[in-house]
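With the first letter of the sequence shown counted as 1, position 152 gets the number 152 in UniProt numbering; the numbers rise by one all the way through. Contents: one structure, followed by commentary.
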Amino acid sequence: MLSFSFVCPGSTTSTPKSHSSLFISNPTSVAATFSPFRSIPSSRSLSLAASKMAYIAASTDGSESSSFTEERIVLTNGHNEKLIGILQKTNSDDLVVLCHGFRSTKESKPISYLSDALLSQGISTFRFDFSGNGESDGTFMYGNYWKEVEDLRTAVMYFSEKRNIPVRGIVGHSKGGDVVILYASKYHDIPTVVNISGRFDLKIGVKERLGDDFLVKIKNDGFIDVATNGNGIGYRVTEQSLMDRFATDVKAACSTIDPTCKVLTIHGSSDIVIPVSDASEFHRLISNHELRIVEGADHSYTQNKTELTSAVVHFLKSNF
1 MLSFSFVCPG
11 STTSTPKSHS
21 SLFISNPTSV
31 AATFSPFRSI
41 PSSRSLSLAA
51 SKMAYIAAST
61 DGSESSSFTE
71 ERIVLTNGHN
81 EKLIGILQKT
91 NSDDLVVLCH
101 GFRSTKESKP
111 ISYLSDALLS
121 QGISTFRFDF
131 SGNGESDGTF
141 MYGNYWKEVE
151 DLRTAVMYFS
161 EKRNIPVRGI
171 VGHSKGGDVV
181 ILYASKYHDI
191 PTVVNISGRF
201 DLKIGVKERL
211 GDDFLVKIKN
221 DGFIDVATNG
231 NGIGYRVTEQ
241 SLMDRFATDV
251 KAACSTIDPT
261 CKVLTIHGSS
271 DIVIPVSDAS
281 EFHRLISNHE
291 LRIVEGADHS
301 YTQNKTELTS
311 AVVHFLKSNF
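See below:
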């Protein structure tokens, strides 16, 4: 049985009755809620030439929990860019689309953890690279939130119109968390949304990546080149892409999500990339919302994979 203690996001603010705020306080009991699972072979270890294969999702005791097929899918977005994704289809009609974060890919650890966990519970998943990331076409853009919303729309419409597979949930990590919130504010066709460690105010967190004097530099030069990993390989931030980020109003988006759409925000209490206080802002503004804080978790849930996956699976299965 899940063990949570109830908390209110901000002691001076009353919480609307339609909210339920949960604090994950007992990792042991959370882990015991679902059958344990191990990593399942996927496209991470397959030749890209293999477009479709069959697997068995197995628990650690060797028992089979669900079978699924894996298929590499190429979509085309509204900019005629190819989007590369992996569909892992179980016998269930429930499909969840997983969205990666900033400068990441469909193979990021949080997305891979979630895909494996959902498959072990018989839920089909589709994970893909946003345009300008991973294997997909396009140029990486620093802002680009609404374009990524349209990439996600391409995936949702493909499954509903071409494959007759309705998308029952969308899940995003970090920047992907913002993308699924924005999607839900514009398109009202997904019943469940999970925002994992998304940022509430996109005007914050910029100088940590671009430097304290980023506004002066970008006004003078029109761009900033950002090196990563100490090897000089990075990305370019243009003034236009920076302004695109600043103009993306997540607060306004929260207020236009259909009240029948069920939203879960999960955040780690030890996240130093995006502060846990952002989660309370989502909770305050989204009408049909649950909040779960994973104690001790960092931005990528490095030591808290089980708590993350259990919370997501529990929420989705409870609302399908």
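Even for Gly, the Cβ is constructed at its ideal location relative to N, Cα and C. Please read all numbers here as calculations on a predicted model, not as lab measurements.
Three-way DSSP call (helix, strand, coil) for residue i in this model
i	result
I293	strand
K89	strand
S120	helix
residue 331	Outside the displayed range of the chain (1 to 320) lies residue 331, so it cannot be described from this structure.
R163	coil
T306	helix
residue 321	Outside the modelled stretch of the chain, which goes from 1 to 320, sits residue 321, for which no answer is possible.
L75	strand
residue 326	Residue 326 is absent from the structure shown; the chain starts at 1 and stops at 320.
I190	coil
I204	coil
I196	strand
Y301	coil
S181	Here residue 181 turns out to be Ile, not Ser, going by the sequence shown. Looking at I181 - three-state DSSP - the assignment turns out to be helix.
S255	coil
G134	coil
D249	coil
G211	coil
Nearest candidate by alpha-carbon position, reference residue i, set the options
i	options	result
R261	E290, R103, R153	A quick correction: the sequence has Cys, not Arg, at residue 261. Nearest of E290, R103, R153 to C261, Cα basis: E290.
S131	D116, S124, N144	N144
K251	I224, G85, G198	G198
P166	M157, H173, I293	M157
residue 346	F223, T139, V216, H267	Past the edges of the chain, shown from 1 to 320, lies residue 346, and the structure says nothing about it.
R236	T248, S108, E70, G222	G222
D178	D225, V263, F68, V226	V263
G176	S104, P259, Q121, G234	S104
N288	P259, D298, A279	P259
P110	V194, D278, D213, P275	V194
G138	P275, F315, N80	N80
N91	T69, H314, A117, R153	T69
F320	T238, S124, L83, K219	S124
D116	G205, D129, L87, H188	L87
T248	R153, I204, L98	I204
S160	I218, D93, D213, V206	D93
Residue i, buried or exposed, once every other Cβ within 10 Å from all chains shown has been counted against 16
i	result
Q240	exposed
S318	exposed
A49	The pLDDT assigned to A49 is 33, lower than 50, so where the model puts this residue is not dependable; a value taken from the coordinates is nonetheless given after this. The residue is exposed, with fewer than 16 neighbouring Cβ atoms inside 10 Å.
R127	buried
T302	exposed
M243	exposed
V216	exposed
I257	buried
A311	buried
V96	buried
H100	buried
F282	buried
R168	buried
N77	buried
G172	buried
I274	buried
I286	buried
S174	buried
A184	buried
I24	Low per-residue confidence applies at I24: pLDDT is 39, beneath 50, and the placement is therefore not dependable, though the value from the model is reported in the following sentence. So I24 ends up on the buried side.
S108	buried
Which residues DSSP lists as bridging residue i, in chain order
i	result
L98	R127, V171
V237	I224
F320	Bridge partners of F320: none, in fact.
K82	T76
N288	Its beta-bridge partners do not exist; DSSP assigns none.
Boundaries (first-last residue) of the alpha helix (DSSP H) holding residue i
i	result
I218	214-221
M141	No alpha helix (DSSP H) holds M141; DSSP gives it neither H nor E.
R153	145-157
CB contact below 8 Å: residue i versus chain D
i	result
E148	The chain inventory of the structure shown lacks chain D, comprising one protein chain alone.
Delimiting residues of the beta strand (DSSP E) encompassing residue i
i	result
T265	262-268
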